[in-house]
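Peer 1: Please find one structure pasted underneath; my questions will follow.
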């Protein structure tokens, strides 16, 4: 499935919860499948911290051939014959404002100054993102979504859709998410932000003017994040206490060398395989991600709390929702633990909403929502086939609907 | 109880597991209570990452009055009438080499160069520390310890004592500890180290020569550490999602102001109370702690793994131990989870050692080992009273034994 990003410009201002205003803005998005004549088979996918509009399919080179490793971040979930089947549903991937992947964000030029926004980009919230997404749906002529779906921060957006636009959502699929962050979640975000902000190359957020970027801080931020995405179990089984040179020797088939290997006793160099892995993740991230975007998106996470206006009563907060729900959590996810998903389920049941809940026994921690787990995908597939797709034509085998 | 640190110089070299050598070294220590005539009532306390020889008692000002807030780090555990009762036991607090609290460490002068050791200080291990501690006991004329005791990294030293000097330890008290670090533990240490090493003020570890120190990195390291010392539950109950200005207003009794307070929407300033707390911890730590010491001590944690020479077989590794054991863990400690303590207990039982095990239901996470928990202290008190103290004279009420 070859896909091409599209771009839509909005010339009426977006007034943000923070008091800031984007006088105009652009959203980058992709679509997969066909919008049907009734315009009622649209599924919106919301992204989390580190992702974009590029949910599924592949990009093409100049000759129209698929580019290697250009698959969308949820390509195992969305596509022809996938759990969210693009032969049946018209799926929209959208990049949020504040991001660094194409939609209006802090690396773009602030029209008021002619300079990049940098740290002056206004604080954006989950609610703002949902409002911007709703404007794109208006532009696409979609009055009502068959479903809105997301994992982690994306799940918060899906939940917020049902509260901000209850009439416009038939189903919400909220995966590995939470009704708000715990103190520990905020704490991890804060350490990551401090690593970025205290990097001398951050320059108060105006590093672009200085021709630099706070790579050191971004590396640390990503390393911290990565630890919280994985479970203790999966880290032990993937890396354990394996030494880095040992792992290299084993890969080279040199078992004799491997046996001779001992601790090198170093405080600054890599000793354990897990260190090598984390440094690599940090290095990659620091090259492609924008530091101000990292601050903005972690703050959107921190601020999300629909129960806040209701004295912390989540059931009262969710009373507005009209959608049906699928809520999914993963047993070893300690970032957004199953108990947090159960809070959502309980509050929805208090409001007599139709809720399906799947707690998937998976070893991969928070990352599980992105992985190809048979039981997880079966639960999402069944929900889309029988619930979201009820009343929609079934796909003809092999053909694009 | 007024105490004064003492210092002992060792002129014969300490050959380290890393291959490094300390040609001479000094250990700073404190003692509490009286060594009895049989010299068999000594209890050695081993410290963890952030502590020192100052275990109990208080320091005095020039007039001999106790200095406020000068209590030792385990003063709720050690002292007259405390669970480790200094009327009965002669307790030794000792500062390890590599530390920044007095014993020979990276801020001291390398005799070979006349410059501070800095990053050239050799890598030290738990085993090296235990060997140095044994030399101090030789100097004090103590052949055999009534008990060796420690929490966290201190517990690793207590365990290592029973393997390195099985004849010299009657009892080992291993609290909130583990037989080695998991991949996740190492990962958190590594992120903290990277934050320090990548601080431009680190200068490859020779920051003293540059008249600076990597405060930014130390702050981040401490913030990360602090999150892992606390449980999710205790963070939620102490801080939750409370806003910083709200907390300030409530402390000032201004509930009306508190009710008006809303999100300020900021990416770089403090919004939540937990952020304020973590920043404060990081700031304090960055002033008093040495960065090279942080690297050394976290590496000592990473490297500790007595089962390593036995193909990972902990039971085989602990076969040398002759001591009796009290092992204690805390239910919400996710840094050194109870399951890790149970590994130690199982391996000891495999070797038919006498083991008492207490798994304390406490909300405070890893930090619990430092706190005044009634059930925890009762368990330690009973063990010292009835097991360690068996055969020793009981203290006379109120008097120094």
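Residue numbers (the working numbering), protein chains in the order written: chain B, 14 to 414; chain W, 14 to 414. Quick reminder that beta carbons are idealized off the backbone N, C-alpha and C, glycines included.
1) Give me the chain C residues within the contact set of residue 107 of chain W, using Cβ-Cβ distance strictly less than 7 angstroms, ordered along the chain.
2) In the stretch 173-203 of chain B, which residues sit with their C-beta less than 7 angstroms from some C-beta in chain W, listed in chain order?
3) In whole angstroms, what is the alpha-carbon distance linking residue 297 of chain B and residue 105 of chain B?
4) Alpha carbon to alpha carbon, how far is residue 185 of chain W from residue 69 of chain W? Give it in angstroms, no decimals.
5) Return the Cβ separation of residue 103 of chain B and residue 55 of chain B in integer angstroms, given the expectation that the two are a contact with Cβ distance under 8 angstroms.
6) Say whether chain W places a C-beta atom closer than 8 angstroms to the C-beta of residue 136 of chain B.
7) Let's test the definition: count the other Cβ atoms within 10 Å of the Cβ of residue 146 of chain B and tell me whether it reaches 16, buried, or not, exposed.
8) Grouping DSSP H, G and I as helix and E and B as strand, with all else coil, what is residue 337 of chain W?
9) In whole angstroms, give me the CA-to-CA distance for residue 402 of chain W and residue 101 of chain W.
10) On the CB-based measure, 16 or more other CB atoms within 10 Å of its CB, does residue 388 of chain W come out buried or exposed?
11) Under 7 angstroms Cβ to Cβ from residue 333 of chain W, same chain only, skipping five residues before and after it: list those, please.
12) Helix, strand or coil for residue 248 of chain B? Go by DSSP, reduced to three states.
13) To test your reading of the DSSP string, which unbroken beta strand (DSSP E) runs of 3 or more residues are found completely within the stretch 354-390 of chain W?
14) Buried or exposed: residue 226 of chain B, going by 16 or more other Cβ atoms within 10 Å of its Cβ?
15) For the stretch 335-358 of chain W, which residues have a beta carbon sitting closer than 7 angstroms to at least one beta carbon of chain B?
16) I'd like to know if the stretch 358-376 of chain B and the stretch 218-232 of chain B are in contact, where contact means that at least 3 CB-CB pairs between them fall below 8 angstroms.
17) Quick one: give me the first and last residue of the alpha helix (DSSP H) that residue 236 of chain W is part of.
18) Residue 237 of chain W touches chain B at which residues, Cβ-Cβ below 8 angstroms?
19) For a contact defined as C-beta to C-beta under 9 angstroms, what are the partners of residue 15 of chain B on chain W?
20) Using a Cβ-Cβ distance under 8 angstroms, would residue 28 of chain B count as near chain W?
21) Taking the DSSP output, what are the residues bridged to residue 59 of chain B?
22) Which bits of chain B does residue 208 of chain W rub up against, with CB to CB less than 8 angstroms?
23) If we cut at 8 angstroms on Cβ distances, does residue 169 of chain B have a partner in chain W?
24) Let's test the definition: count the other Cβ atoms within 10 Å of the Cβ of residue 499 of chain W and tell me whether it reaches 16, buried, or not, exposed.
25) Counting only Cβ pairs nearer than 9 angstroms, list the residues of chain B close to residue 253 of chain W.
26) With residue 40 of chain B as the anchor, note down where its alpha helix (DSSP H) starts and where it stops.
27) Looking at residue 43 of chain W and residue 19 of chain W, is the spacing between their C-beta atoms short of 8 angstroms?
28) Helix, strand or coil for residue 219 of chain W, going by three-state DSSP, please let me know.
29) Confirm, please, whether the CB-CB distance from residue 343 of chain B to residue 191 of chain B is below 8 angstroms.
30) Our contact map puts residue 236 of chain B next to residue 204 of chain W with C-beta atoms below 8 angstroms; I'd like the distance itself, whole angstroms only.
31) For a cutoff of 8 angstroms on Cβ pairs, would you count residue 117 of chain B as touching chain W?
32) Using a Cβ-Cβ cut-off of less than 8 angstroms, list which residues of the stretch 47-61 of chain W approach chain B; keep chain order.
33) Leaving aside the five residues before and after residue 234 of chain W along the sequence, list all residues of the same chain whose C-beta is less than 7 angstroms from its C-beta, in chain order.
34) On a CA-only basis, which of B/294, B/279 and B/379 is nearest residue 31 of chain W? Give me that one, please.
35) Applying the criterion that 16 or more other CB atoms from any shown protein chain within 10 Å of the CB defines a buried residue, is residue 74 of chain W buried or exposed?
36) Return the residue from the list B/340, B/337 and B/254 that minimises the CA-CA distance to residue 324 of chain W.
Peer 2: Quick answer:
1) Annotation note: the requested chain C is absent from the structure, which comprises protein chains B and W.
2) So the list reads 193, 195, 196, 197, 199, 200, 201 and 203, given in the order they occur along the chain.
3) The straight-line gap from Cα to Cα measures roughly 27 angstroms.
4) CA-CA distance, residue 69 of chain W to residue 185 of chain W, rounds to 19 angstroms.
5) Taking the Cβ atoms as the reference, residue 103 of chain B lies roughly 5 angstroms from residue 55 of chain B, within the contact range of under 8 angstroms.
6) Using a CB distance cut-off of 8 angstroms, residue 136 of chain B counts as an interface residue toward chain W.
7) Buried, since its Cβ has 16 or more Cβ neighbours within 10 Å.
8) Strand, per DSSP.
9) Rounded to the nearest whole angstrom, the C-alpha separation of residue 402 of chain W and residue 101 of chain W is 8 angstroms.
10) The residue in question, residue 388 of chain W, is exposed, as its Cβ has fewer than 16 Cβ neighbours within 10 Å.
11) Within the same chain, residue 333 of chain W has close Cβ partners 176 and 179.
12) Here residue 248 of chain B sits in helix by DSSP.
13) Listed in chain order, the complete beta strand (DSSP E) runs (minimum 3 residues) inside the stretch 354-390 of chain W are 368-373.
14) Buried: at least 16 other Cβ atoms inside 10 Å.
15) Listed by position, the residues of the stretch 335-358 of chain W near chain B (Cβ gap below 7 angstroms) amount to none.
16) These segments do not touch.
17) 228-242 is the extent of the alpha helix (DSSP H) around residue 236 of chain W.
18) Within chain B, the residues 204 and 237 have their CB atoms less than 8 angstroms from the CB of residue 237 of chain W, given in chain order.
19) Those within 9 angstroms of residue 15 of chain B in chain W number zero; the least Cβ separation is about 37 angstroms.
20) With 8 angstroms as the cut-off, residue 28 of chain B does not count as an interface residue toward chain W.
21) Partner(s): B/163.
22) Chain B residues near residue 208 of chain W: 208 and 233.
23) The Cβ of residue 169 of chain B sits no closer than 8 angstroms to any Cβ of chain W.
24) Because chain W is modelled from 14 through 414, residue 499 of chain W falls outside the range shown and cannot be assessed.
25) Result: 195 and 196.
26) That residue, residue 40 of chain B, is in no alpha helix (DSSP H); its beta strand (DSSP E) goes 38-45.
27) Contact flag set, yes.
28) Note: residue 219 of chain W maps to coil in three-state DSSP.
29) No; because the gap between Cβ atoms is not below 8 angstroms, this pair is not in contact.
30) With a contact defined as Cβ atoms closer than 8 angstroms, residue 236 of chain B and residue 204 of chain W qualify at about 4 angstroms.
31) No, its Cβ sits nowhere closer than 8 angstroms to a Cβ of chain W.
32) If the cut-off is 8 angstroms between Cβ atoms, the stretch 47-61 of chain W has nothing near chain B.
33) The beta carbon of residue 234 of chain W sits closer than 7 angstroms to those of 205, 208, 209 and 307, all from its chain and outside the five residues before and after it, given in chain order.
34) Put simply, of B/294, B/279 and B/379 the residue whose alpha carbon is nearest the alpha carbon of residue 31 of chain W is B/279.
35) Exposed, by the Cβ-count rule.
36) Residue 324 of chain W has its Cα closest to that of B/254, out of B/340, B/337 and B/254.
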